[in-house]
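Asks: Sharing a structure below in structure tokens format, with a few things to ask.
There are 2 protein chains.
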Amino acid sequence: MVRGAVRLDRLDPRATPGCRDKREAAARLARLLERLEALQYRLYAGQRRSLLLVLQGMDTAGKDGVIRKVMTAFNPQGCRVTSFKRPTAEEAAHDFLWRIHRVAPAAGEVAVFNRSHYEDVVAARVHALQPRADLKRRYDAINDFERHLEQSGTKLVKCFLHISRAEQHQRLLERLEQPHKHWKFNEGDLAERTRWNDYRRAYEIAFERCSTAHAPWYVIPSDRKWYRDLAVAEIVCGALEAMDLKLPEVSLDVRTLRAELDGRAAVGT
Amino acid sequence: MVRGAVRLDRLDPRATPGCRDKREAAARLARLLERLEALQYRLYAGQRRSLLLVLQGMDTAGKDGVIRKVMTAFNPQGCRVTSFKRPTAEEAAHDFLWRIHRVAPAAGEVAVFNRSHYEDVVAARVHALQPRADLKRRYDAINDFERHLEQSGTKLVKCFLHISRAEQHQRLLERLEQPHKHWKFNEGDLAERTRWNDYRRAYEIAFERCSTAHAPWYVIPSDRKWYRDLAVAEIVCGALEAMDLKLPEVSLDVRTLRAELDGRAAVGT
Chain A
0 MVRGAVRLDR LDPRATPGCR DKREAAARLA RLLERLEALQ YRLYAGQRRS LLLVLQGMDT
60 AGKDGVIRKV MTAFNPQGCR VTSFKRPTAE EAAHDFLWRI HRVAPAAGEV AVFNRSHYED
120 VVAARVHALQ PRADLKRRYD AINDFERHLE QSGTKLVKCF LHISRAEQHQ RLLERLEQPH
180 KHWKFNEGDL AERTRWNDYR RAYEIAFERC STAHAPWYVI PSDRKWYRDL AVAEIVCGAL
240 EAMDLKLPEV SLDVRTLRAE LDGRAAVGT
Chain B
0 MVRGAVRLDR LDPRATPGCR DKREAAARLA RLLERLEALQ YRLYAGQRRS LLLVLQGMDT
60 AGKDGVIRKV MTAFNPQGCR VTSFKRPTAE EAAHDFLWRI HRVAPAAGEV AVFNRSHYED
120 VVAARVHALQ PRADLKRRYD AINDFERHLE QSGTKLVKCF LHISRAEQHQ RLLERLEQPH
180 KHWKFNEGDL AERTRWNDYR RAYEIAFERC STAHAPWYVI PSDRKWYRDL AVAEIVCGAL
240 EAMDLKLPEV SLDVRTLRAE LDGRAAVGT
């Protein structure tokens with residue numbers, strides 16, 4: 000969790016704090032996935048609270064990978080993933096939180112955002128899509144919006160998948176060299192890559208402004224994929240544990256219902 | 000797959016055609032889940048076709064179970080489950096296919112419907128919510144709608160989870176007797192259960208009218224959960240295999256891009 004001023008270049012993307020190696024990570028992740036499934040079951044049954052996981056990161060940081068490796072723990076009936084791309088004409092005709100709000104999780108649901116409203120302060124800052132004064136208001140708007148969600152029963156977890164520039168180079172190279180990965184290669188990524196430092200700075204500002212007690216930002220060292228998956232699973236699991244979810248207590252008149260069930264069965268069969 | 004007149008009481012819900020026992024089913028299911036993941040990857044990468052799986056069945060037939068046991072094979076990023084409940088005021092103010100159409104799968108997606116537009120001919124018939132003449136038009140409207148989806152690139156698979164009345168009795172009893180399952184008990188299910196034969200007949204009519212070459216209905220013997228999961232996985236897998244999905248061929252100018260990648264890396268680092 001990060002609070003206050005953040006310097007991303009002082010956080011090592013290859014670090015693996017609290018975990019020795021890949022093998023230990025695999026064993027721990029397997030247990031966490033089971034636990035996530037059990038916790039989501041209670042969240043879903045309770046129909047009162049919800050969870051929103053925001054994933055951000057530079058291109059190739061592993062947002063898709065985390066979803067494939069960790070979010071598959073969840074029953075898809077109660078989990079919805081939304082990938083935010085360039086706004087459609089309809090989306091662009093609304094305020095920047097409009098498209099976000101309409102896919103916020105309903106009670107009982109887990110929502111995962113692959114990119115999010117943070118693009119509207121990060122990419123928007125890098126490409127100067129907004130006057131600086133408007134950008135500043137956006138940070139406040141985000142904080143107000145997230146506080147509103149939190150007060151309405153939604154737990155927010157925001158993870159930044161932190162990779163090094165060298166690791167991104169390696170991953171883009173792999174996509175180029177392996178023909179079966181060509182469909183994933185986006186020529187626009189190369190242009191974005193030249194803005195690396197601008198993006199880093201824009202993220203640092205977003206964390207400083209928008210990592211709050213009710214909606215914290217976590218910076219996940221992500222050069223090692225096995226650590227990245229473990230860390231996200233642990234954070235999400237911790238957030239769900241902290242919600243103290245219980246199966247709803249329903250008071251049924253079991254005797255009457257049972258008589259009704261048997262009686263009617265006797266008539267109809 | 001069913002075509003023409005169907006008599007559900009002649010189809011044994013305890014049957015396990017083509018599979019000896021639970022152990023064999025588990026081994027085969029595990030392989031199918033891996034295959035489903037691989038096929039969905041290609042569907043997602045291709046961004047041209049899509050898959051729509053419709054699940055129907057009496058209460059407790061196992062729609063939720065199939066989603067939990069089989070649909071977890073899919074990457075949640077490309078799979079969306081929609082549970083259709085009693086229509087909201089807004090939904091009821093539109094034609095019955097409106098709420099269905101808006102959650103039809105986009106290119107590259109898998110959509111799973113837990114209940115569907117078939118409630119609008121089945122429950123609607125049982126409870127006489129519509130004049131018979133309107134109901135008749137609905138079957139045609141469904142066929143036209145499903146043909147349109149098929150022609151637009153969506154593969155439709157419709158599965159009816161077929162349980163016996165005795166098995167439903169058993170499952171409702173379990174929900175009553177186990178306090179941690181009380182939250183799943185819906186007192187309305189007991190009333191619906193008295194309409195068992197009406198529902199059966201309504202389904203038979205729906206299959207006869209709406210099991211088409213382009214959008215077939217499958218009746219899945221579902222008293223044994225292990226067989227039900229295996230059968231649905233096999234049918235969905237078969238449907239995806241038949242789509243002959245290939246990774247898109249993208250022609251990249253690898254040399255130029257690679258130079259660009261390395262050149263820019265050299266400048267920025």
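Going down the list, the sequences are from chains A and B. Number 266 in numbering that gives the first Met the number 0 belongs to position 267 of the first sequence; there are no gaps in the numbering. Number 189 in numbering that gives the first Met the number 0 belongs to position 190 of the second sequence; there are no gaps in the numbering. Glycine is no exception: its CB is placed at the ideal position from the N, C-alpha and C atoms.
#1: What's the gap between the Cα of B:N196 and the Cα of A:R48?
#2: Take A:V69 as the anchor and find which of A:L171, A:E36, A:H100 and A:W182 has the nearest alpha-carbon.
#3: So is B:D8 buried or exposed if we call it buried at 16+ other beta carbons inside 10 Å?
#4: Rounded to a whole number of angstroms, what is the C-alpha to C-alpha distance between B:E23 and B:R67?
#5: So what's B:R34 in DSSP terms, helix, strand or just coil?
#6: Can you name the start and end residues of the beta strand (DSSP E) that B:I219 belongs to?
#7: Please compile the residues from chain A whose C-beta is within a distance smaller than 9 angstroms of the C-beta of B:M70.
#8: Going by the DSSP bridge assignment, what does A:K21 pair with across the sheet?
#9: Please state if the CB of B:K183 and the CB of B:R194 are separated by a distance shorter than 8 angstroms.
#10: With A:R227 and A:L171 assumed to form a contact (beta carbons below 8 angstroms), what rounded beta-carbon distance in angstroms separates them?
#11: Determine whether the beta carbon atoms of A:F112 and A:T81 lie at a separation below 8 angstroms.
#12: DSSP state of B:N113, grouped into three classes?
#13: Any Cβ of chain A within less than 8 angstroms of the Cβ of B:I99?
#14: From the beta carbon of B:S115, is the nearest beta carbon of chain A less than 8 angstroms away?
#15: Which residue's Cα is closest to the Cα of A:L38: A:A241, A:R254, A:R98 and A:T255?
#16: Since B:F95 and B:S115 are thought to touch, with beta carbons under 8 angstroms apart, how far apart are those beta carbons, to the nearest angstrom?
#17: Identify the continuous beta strand (DSSP E) that holds B:F159 and give its terminal residues.
#18: Is A:R227 helix, strand or coil when you go by DSSP?
#19: Taking Cβ positions, are B:L50 and B:V109 nearer each other than 8 angstroms?
#20: Kindly list, in the order they appear in chain A, the residues whose Cβ is closer than 9 angstroms to that of B:L256.
#21: Going along the segment 231-263 of chain A in order, which residues come within less than 7 angstroms of chain B, judged by CB to CB distance?
#22: Which term fits B:D261, buried or exposed, when burial requires 16 or more other beta carbons within 10 angstroms of its beta carbon?
#23: Does any C-beta atom of chain B lie closer than 8 angstroms to the C-beta of A:I162?
#24: Are the Cβ atoms of B:E233 and B:L42 separated by less than 8 angstroms?
#25: By the DSSP assignment, the alpha helix (DSSP H) with B:R200 in it spans what residues?
#26: Quick one: residues in its chain with C-beta nearer than 8 angstroms to the C-beta of A:P104, no 5 flanking neighbours on either side, listed in chain order?
#27: In three-state DSSP terms, what is B:V1?
#28: Out of A:R223, A:E33 and A:S250, state which residue places its alpha-carbon closest to the alpha-carbon of A:T15.
#29: Within 8 angstroms (strictly less), CB to CB, does A:D63 reach chain B?
#30: What residues from chain B crowd round A:R67, counting only those whose CB sits closer than 8 angstroms?
#31: Pick out whichever of A:V249, A:R257 and A:V253 has its Cα sitting closest to the Cα of A:A44.
#32: With DSSP collapsed to three states, give me the class of A:T81.
#33: If you drop the 5 nearest sequence neighbours on each side, which residues of the same chain put their C-beta closer than 8 angstroms to that of A:R6?
#34: Applying the 10 Å Cβ sphere with the 16-neighbour rule, what's the burial state of A:T255?
#35: Which residues in the same chain have their Cβ closer than 7 angstroms to the Cβ of B:R19, if we skip the five residues on either side of it in sequence?
#36: Does the beta carbon of B:P16 come closer than 8 angstroms to any beta carbon on chain A?
Replies: The answer reads as follows:
#1: So the alpha carbons of these two residues sit roughly 39 angstroms apart.
#2: Comparing Cα positions, the closest option is A:E36.
#3: Counting other Cβ atoms within 10 Å of its Cβ, B:D8 stays below 16 and is therefore classed as exposed.
#4: Looking at the two C-alpha atoms, the distance is approximately 20 angstroms.
#5: In this structure, B:R34 counts as helix in the three-state DSSP scheme.
#6: Note, B:I219: beta strand (DSSP E), W216 to P220.
#7: By Cβ distance, chain A contributes N74, P75 and Q76.
#8: Assignment of beta-bridge partners to A:K21 by DSSP yields no partner.
#9: Not closer than 8 angstroms, so no.
#10: Incorrect: roughly 17 angstroms between the Cβ atoms, too far for contact.
#11: The Cβ-Cβ distance between A:F112 and A:T81 falls below 8 angstroms.
#12: Under the three-state reduction of DSSP output, B:N113 falls in the strand class.
#13: Taking Cβ atoms only, chain A never reaches closer than 8 angstroms to B:I99, which makes this a no.
#14: Judged by the 8 angstroms Cβ criterion, B:S115 is not in contact with chain A.
#15: Checked all of A:A241, A:R254, A:R98 and A:T255; the closest Cα to A:L38 is A:A241.
#16: The pair is not a contact, with the Cβ atoms about 10 angstroms apart (cut-off 8 angstroms).
#17: Its beta strand (DSSP E) spans residues T153 to H161.
#18: In this structure, A:R227 counts as helix in the three-state DSSP scheme.
#19: Cβ atoms of B:L50 and B:V109: closer than 8 angstroms.
#20: What B:L256 touches in chain A: L171, L175, F184, E186 and L189.
#21: Cβ contacts with chain B: L246, P247, V249, L251, V253, L256, R257, E259, L260 and R263.
#22: Of the other Cβ atoms in all chains shown, fewer than 16 fall within 10 Å of the Cβ of B:D261; this residue is therefore exposed.
#23: False, the Cβ-Cβ gap to chain B never drops below 8 angstroms.
#24: Taking 8 angstroms as the Cβ cut-off, B:E233 and B:L42 do not qualify as a contacting pair.
#25: Unbroken alpha helix (DSSP H) run through B:R200: W195 to C209.
#26: Closer than 8 angstroms at the Cβ level, and outside the excluded window around A:P104, lie S49, L50, L51, R79, A110 and T153.
#27: Strand, per DSSP.
#28: Nearest to A:T15 by alpha-carbon distance, out of A:R223, A:E33 and A:S250, is A:R223.
#29: Taking a beta-carbon distance threshold of 8 angstroms, A:D63 counts as an interface residue toward chain B.
#30: Under the 8 angstroms cutoff, chain B gives N74 and Q76.
#31: If we check each option's Cα against that of A:A44, A:V249 comes out closest.
#32: DSSP places A:T81 in strand when its eight states are reduced to three.
#33: Once the five neighbours on either side are set aside, the close Cβ partners of A:R6 are E203.
#34: Under this definition A:T255 is an exposed residue.
#35: Excluding positions up to five away in sequence, the list is empty.
#36: So, not an interface residue.
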